[in-house]
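Undergrad:
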Amino acid sequence: MTRTVDDVNVGSLLRGWRKLRGVTQLELALRADSSARHISFIETGRSTPSRSMVLHLAEQLAVPVRDRNALLMAAGYAPSYPETSLTAPAMTTLRAGLDQLLTTYEPFPALVMDGMYDVVSANKGVLMLLDGVAAHLLEPPLNAMRLTLHPRGLAPRIRNLGEWRAHLLERMDRQATLRSSDALRGLYEEVAAYPAPPGSTRTGPDGQGPAAHPYALPLRIEAGGRVLSFISTATTFNTPMDVTVSELAVETFLPADPETAAALRSLG
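What follows is the structure in structure tokens.
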């Protein structure tokens with residue numbers, strides 16, 4: 003759905019997001035305290051929504067912040083959300099807070115990624131896992147998906163690569179759909195084309211399957227002569243008011259067993 007505002011109007015964009023979310027005009031009208039007739043008029047261009055109505059409908063359809071700006075511009079309004087570079091002075095406090103969070107989490111791995119899974123910042127726990135990765139994969143912008151699934155990246159050391167690869171591809175596919183992002187879809191197609199491990203995509207070569215950690219799928223990776231096991235979490239900002247901030251995610255890796263926790267503390 004990535005288009006220029008010259009090619010579309012706000013009605014067609016809203017219709018696209020509504021269909022993408024699997025919502026009928028009546029359902030959207032009920033959510034937005036409007037009428038199906040009004041929604042139909044907006045989508046066909048017979049009615050021009052107010053600025054507040056555009057934002058209200060975008061909220062009901064869970065439209066990403068970046069695309070809410072596109073909706074506003076298509077309706078003839080100025081963008082509502084700025085897109086501030088992380089290097090800008092206004093982001094100093096945010097950057098400091100993120101850096102402090104990553105440092106505090108050491109020796110466990112943690113990193114910050116943008117909407118394309120490019121690594122914005124990482125702590126020493128992540129750097130510890132990068133031994134042996136091909137140099138070209140470490141050149142900026144360092145992309146977490148390429149780094150993990152490329153055959154010259156972390157993939158050869160991931161003991162349950164089939165499971166972890168399936169998890170990451172499912173995650174990327176879902177995000178590309180939710181954001182309706184051609185760029186993210188392109189990244190998904192690129193990494194999905196990397197060689198897949200032989201055999202089943204749902205079991206690991208070391209015999210560790212989902213039953214070993216029934217509460218969450220672990221990442222099992224060789225590092226420092228040991229097999230480390232992690233459970234990952236992803237955290238985003240609540241009610242972001244900036245495009246850049248809305249697309250940031252903090253990924254942390256929690257030791258999945260006492261052995262991994264002890265190994266990381268000894269290495270740290």
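Read left to right, the sequence shown gives residues 3 to 270 (our numbering). All C-beta atoms in this analysis are idealised placements derived from N, C-alpha and C, irrespective of residue type, glycine included.
Could you work out which residue in 81, 225 and 33 is closest to residue 130 when comparing CA atoms only?
TA: Among 81, 225 and 33, the Cα nearest to that of residue 130 is on 225.
Undergrad: Just to confirm, is the Cβ distance from residue 57 to residue 82 under 8 Å?
TA: Yes.
Undergrad: Pick out the complete alpha helix (DSSP H) segments inside the stretch 144-196, 4 residues or longer, and give them in chain order.
TA: Whole alpha helix (DSSP H) segments, 4+ residues: 146-151, 163-181 and 184-194.
Undergrad: For residue 257, does the count of other Cβ atoms within 10 angstroms reach 16, so buried, or fall short, so exposed?
TA: Looking at its Cβ environment, which holds 16 or more other Cβ atoms inside 10 Å, residue 257 is buried.
Undergrad: Can you find at least 3 beta carbon pairs, one from the stretch 154-161 and one from the stretch 170-188, that sit closer than 8 Å?
TA: No, because fewer than three Cβ pairs between the stretch 154-161 and the stretch 170-188 fall closer than 8 Å, the two stretches do not touch.
Undergrad: May I ask you to report which of helix, strand or coil DSSP gives residue 225?
TA: Looking at residue 225 - three-state DSSP - the assignment turns out to be strand.
Undergrad: Just the C-alpha distance for residue 260 and residue 221, rounded to the nearest angstrom, thanks.
TA: So the two alpha carbons sit approximately 15 Å from each other.
Undergrad: Going along the chain, which unbroken runs of the alpha helix (DSSP H) with 4 or more residues stay wholly within the stretch 239-269?
TA: Entirely contained in the stretch 239-269, the alpha helix (DSSP H) runs reaching 4 residues are, in chain order, 245-248 and 260-269.
Undergrad: When burial is assigned at 16 or more other CB atoms within 10 Å of the CB, is residue 140 buried or exposed?
TA: By the neighbour-count rule (16 or more Cβ atoms within 10 Å), residue 140 is not buried but exposed.
Undergrad: Between which two residues does the beta strand (DSSP E) holding residue 42 run?
TA: That residue, residue 42, is in no beta strand (DSSP E); its alpha helix (DSSP H) goes 38-46.
Undergrad: Below 6 Å CB to CB, which residues in the same chain sit around residue 245 once its five sequence neighbours on both sides are set aside?
TA: 67, 68, 83 and 85.
Undergrad: State the start and end residues of the unbroken alpha helix (DSSP H) segment that holds residue 14.
TA: Its alpha helix (DSSP H) spans residues 12-22.
Undergrad: For the beta strand (DSSP E) that residue 114 lies in, which residues bound it at each end?
TA: Start and end: 112-115.
Undergrad: Report all residues from its chain with a CB closer than 6 Å to the CB of residue 144; omit the five preceding and five following residues, and keep chain order.
TA: If we look at residue 144 and ignore the five residues flanking it on each side, its Cβ neighbours are 121.
Undergrad: Run the CB neighbour count on residue 268, radius 10 Å, all protein chains shown included, and call it buried at 16 or more, exposed below.
TA: With fewer than 16 Cβ atoms within 10 Å of its Cβ, residue 268 is classed as exposed.
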